[in-house]
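First residue of the first sequence: 27, per this note's numbering; consecutive thereafter.
We put the CB at the ideal spot given by N, CA and C, even for glycine.
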Amino acid sequence: MRNANAETDAGAHGVFAFAHHGRDGLAILRFDFAALDEEVEQFVNGLPSVGGFQIGDDLLFPKNVRERHRKKTASPFRSKQTADSRTNSIPSSICPRLMAGACHVWTPRIILPQHLSVANPTNTAQPMSVRVRFAPSPTGYLHIGGARTALFNWLYARHTGGTFVLRVEDTDAARNSQEAVNVILDGLRWLGLDWDEGPLTADATGPSKGDRGPYFQSQRKENYARRVEALLSRGLAYESEGAVRFKMAREPVLIRDLVVGDVTRALTDREEQEPDFVIMRSDGSPVFHFVNVVDDLEMGITHVIRGEDHLSNTAKHVALFQAFGVEPPKYAHIPLILNADGSKMSKRDTGAALTYYMENGYAPEAVVNYLSLLGWSPKDGREVIPLKELVEMFDLPQILRHNARFDHEKLKWMNGEYVRAMPADRFYEMAVHTLARAGLDTNRFPTAYVKAALDTCLGKVRIFSELAGYAGFYFTDQVALDAEALAALTPEARERLKRLRDACAALAEFNAVSLETALKETAKSLGVKNGLMVHPCRFACTGKGSGPSLYHLLEVLGRERVLARMDAALSA
RNA sequence: GACCCUAUCGUCCAGCGGUUAGGACACUGCCCUUUCACGGCGGUAACCGGGGUUCGAAUCCCCGUAGGGUCGCCA
């Protein structure tokens with residue numbers, strides 16, 4: 027114990043020491059001697075002192091080291107926990123006082139004796155530039171989970187200043203088409219996920235950018251043939267019934283995953299029967315596991331970020347990389363996205379396809395933001411985060427390991443946040459587009475009218491598909507009065523409406539201010555509350571019980587339409 | 001059947017050995033308001049179960065249970 031140290035270094039907070047602390051062994055303690063009482067000091071003096079550590083230092087072994095691994099590596103304190111080290115346990119009588127401020131405690135989660143040195147980030151080798159890829163199969167739709175996988179890859183590439191590669195896995199020629207490829211390209215473009223390398227068009231033989239192409243697997247057949255040949259010639263693969271099988275290891279494979287941790291994948295019972303898997307079919311076409319690895323290898327992919335559904339198969343991929351004599355890329359298997367009820371999200375489920383969001387008036391930046399928060403979150407707990415900051419904060423270690431359910435309600439809320447903050451022009455554009463999809467042609471009306479109408483909706487809708495129901499009355503010739511509307515138009519209500527109609531007709535200026543005055547005066551003269559005037563009027567003019575601000579809506583509609591609609595309602 | 005992953009409010013996340021278990025969505029009470037939203041102030045609501053380690057466990061370990069994934073000449 028370097029007690030002297032504490033005394034000479036006035037102001038410096040004493041000494042670092044190790045103590046046995048709970049089951050996980052050592053804690054680093056930092057003592058402030060000024061605050062120690064005698065009993066505590068006595069205890070402290072019995073501790074082995076250490077140098078070069080600080081509170082919070084990682085003595086690590088990363089937290090993703092799994093217990094299996096730990097058992098193998100000879101647990102440091104179970105085996106070494108002698109009576110001697112026991113005496114360094116922090117006694118309960120002292121602990122509270124230590125915690126009270128005399129001492130700072132840091133308990134590393136896992137400590138291995140041979141790692142009792144501070145991890146030094148500066149001495150790690152210069153990291154290679156990151157290359158990630160998104161490798162979808164053109165099936166005709168882009169799954170929302172696939173979109174998130176693309177997003178995570180993109181975010182990681184942008185975060186690290188690396189390269190985002192788009193590769194089309196169109197090995198199954200029969201069910202691929204340019205339209206199917208376009209669904210992917212359009213989806214990624216819509217989300218704003220630009221790729222640094224990959225196809226420029228949906229044409230497999232068309233132009234692309236990047237020097238590691240082609241970026242369509244259908245154009246890479248020679249590479250696969252050559253690689254199969256290489257394995258064959260080295261006896262690492264063999265022919266069987268016309269197909270080529272890879273000689274798979276008959277023992278568990280260690281998968282080091284940046285998200286899941288170290289996974290030892292043992293053979294299943296079926297694999298025990300036949301461990302060697304086909305890499306090339308009898309018709310000469312290579313299978314997914316093979317092409318995937320060959321392409322990743324040849325394209326210099328450094329990090330494979332993909333859905334957790336690939337985790338088990340990663341053993342095959344690792345074995346293949348090893349057969350080719352190279353280190354496998356770093357893997358990061360991200361959790362899956364499930365339906366609200368926890369079931370797997372399949373093609374048929376609402377919102378499973380990205381096109382759903384493209385077509386229903388969602389803002390891509392909201393979808394991106396929401397997706398980024400599924401399985402990942404920034405430390406500060408914020409939720410509405412601009413893309414730029416997402417890029418800055420995103421990283422692999424923070425990704426969770428458990429699946430997430432897709433919450434449409436929260437997405438709608440998120441979308442509303444973005445819609446509200448949206449520039450007016452963008453709002454008009456998206457509104458007109460979505461309205462048109464709902465069969466409401468805004469082109470029939472003057473631009474000024476359309477804009478004025480939409481201005482009354484700013485900040486009112488969360489997703490644009492709500493707009494047709496909210497503001498459709500602006501763009502129809504007649505309002506449909508449903509049962510609810512008719513029920514509201516009682517004889518008394520009609521009487522009030524009639525009075526309001528006449529007041530409106532007599533108005534010199536027909537605007538929100540004058541309308542409000544007129545309505546309130548009419549209510550006053552009738553001796554009723556404003557609300558009793560408001561509701562019949564709203565129903566008559568819009569057919570609904572709720573909507574944009576009444577006075578503004580009336581102004582936009584204009585005297586002519588308003589009077590016509592009131593008359594129509596009065597005679598309905 | 002085997003193998004692998006996972007488990008905190010209804011949902012998404014915080015938490016990484018000592019917290020009155022925190023935030024967001026949703027739900028809900030009040031205020032604001034011509035409606036609906038927005039906004040403001042509140043509320044309901046969670047550590048899957050059982051063992052163990054520890055003075056102390058939501059946090060570490062084990063066993064159950066549940067959910068998900070994978071075992072193709074699909075991708």
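Assuming residue i contacts residue j under a Cβ cut-off of 8 Å, what Cβ separation, rounded to an integer in Å, is found between them?
i    : j    : result
D335 : L362 : 6 Å
G224 : K235 : 7 Å
V505 : G569 : 4 Å
P354 : T328 : Actually they are not in contact, since the Cβ atoms of P354 and T328 sit about 10 Å apart, beyond 8 Å.
V599 : V158 : With the chain represented from 27 up to 598, any question about residue 599 goes unanswered, as that position is not in the structure.
D283 : Y357 : 5 Å
T460 : G387 : 4 Å
A349 : L262 : 5 Å
M371 : R238 : That belief does not hold up - the Cβ atoms of M371 and R238 are roughly 32 Å apart, past 8 Å.
V156 : G188 : 3 Å
Y241 : V313 : That belief does not hold up - the Cβ atoms of Y241 and V313 are roughly 19 Å apart, past 8 Å.
S338 : R291 : 6 Å
Taking 6 Å as the cut-off, is the C-beta of residue i nearer than that to any heavy atom in the ligand ADP?
i    : result
V279 : In the structure on display, the ligand ADP does not appear, and there are no ligands present to speak of.
Taking the CB atoms as reference points, tell me whether residue i and residue j lie closer together than 7 Å.
i    : j    : result
M440 : Y396 : yes
E581 : A538 : yes
T482 : L583 : no
I331 : F178 : yes
H359 : V286 : yes
A228 : Q245 : no
V344 : Q243 : no
C567 : L526 : no
Y577 : E542 : yes
Y494 : Y444 : Looking at the sequence provided, one finds Ala at residue 494 rather than Tyr. No, they are not a contact pair.
M384 : W216 : yes
Please go through the same chain and pick out, in chain order, the residues whose beta-carbon is closer than 8 Å to the beta-carbon of residue i, but skip the five residues on each side of it.
i    : result
D421 : Y182 and H185
L226 : G232, P233, S234 and K235
L512 : A598
G573 : Y496, A497, F499, R564 and L579
M154 : T328
T548 : R522, R525, L526, A529 and M559
V352 : L323
For residue i, which residues from the same chain have a beta carbon less than 7 Å from its beta carbon, with the 5 sequence-adjacent residues on both sides left out?
i    : result
L380 : L168, I170, A173 and G213
Y454 : K477 and L480
V320 : N249, Y250 and R253
D375 : N365
L400 : R174, I363 and A430
E510 : G571
V588 : C530, C567 and L580
V417 : L181, R184 and H185
A30  : Note that A30 has pLDDT 27, beneath the 50 cutoff, so the model's placement of it is unreliable and no number is given.
G485 : R446
K546 : N556
Where do the ends of the beta strand (DSSP E) carrying residue i lie?
i    : result
L284 : No beta strand (DSSP E) holds L284; DSSP gives it neither H nor E.
I305 : F303 to M306
F272 : A269 to F272
V191 : T189 to L192
F160 : R157 to F160
Y454 : Careful: Y454 lies outside any beta strand (DSSP E), inside the alpha helix (DSSP H) at A450 to R463.
R332 : H329 to G333
Go to residue i, then tell me how far its alpha helix (DSSP H) extends in each direction, as first and last residue.
i    : result
M559 : N556 to T568
A511 : A509 to A514
I360 : No alpha helix (DSSP H) holds I360; the beta strand (DSSP E) holding it covers K356 to I360.
V476 : T473 to D481
Y496 : L493 to A497
G266 : Here residue 266 is Ser; the residue named in the question, Gly, does not match the sequence. That residue, S266, is in no alpha helix (DSSP H); its beta strand (DSSP E) goes A263 to S266.
I204 : First, the residue type needs correcting, since residue 204 is Gln and not Ile in the sequence shown. Segment Q204 to L217, the alpha helix (DSSP H) holding Q204.
H343 : T340 to A349
K546 : A538 to L552
With a CB to CB cut of under 6 Å and the five nearest residues on each side skipped, what residues in its chain are close to residue i?
i    : result
M456 : F490
Y500 : A479
W221 : F190 and L192
P404 : M419
S119 : Interpretation of S119 is limited by its pLDDT of 48, a score under 50 that renders its predicted location unreliable; no figure is taken from the coordinates.
L346 : V319
D196 : P164, N202, F242, Q243 and S244
Please confirm if the region 285 to 304 is in contact with the region 259 to 277, defined as three or more CB-CB distances below 8 Å between the two stretches.
Contact holds: three or more Cβ-Cβ distances are below 8 Å.
With three or more beta-carbon pairs closer than 8 Å as the criterion, would you say the region 506 to 515 touches the region 586 to 593?
no
Pairing CB atoms from the region 461 to 474 with CB atoms from the region 426 to 439, are three or more of them under 8 Å?
Not touching, per the Cβ criterion.
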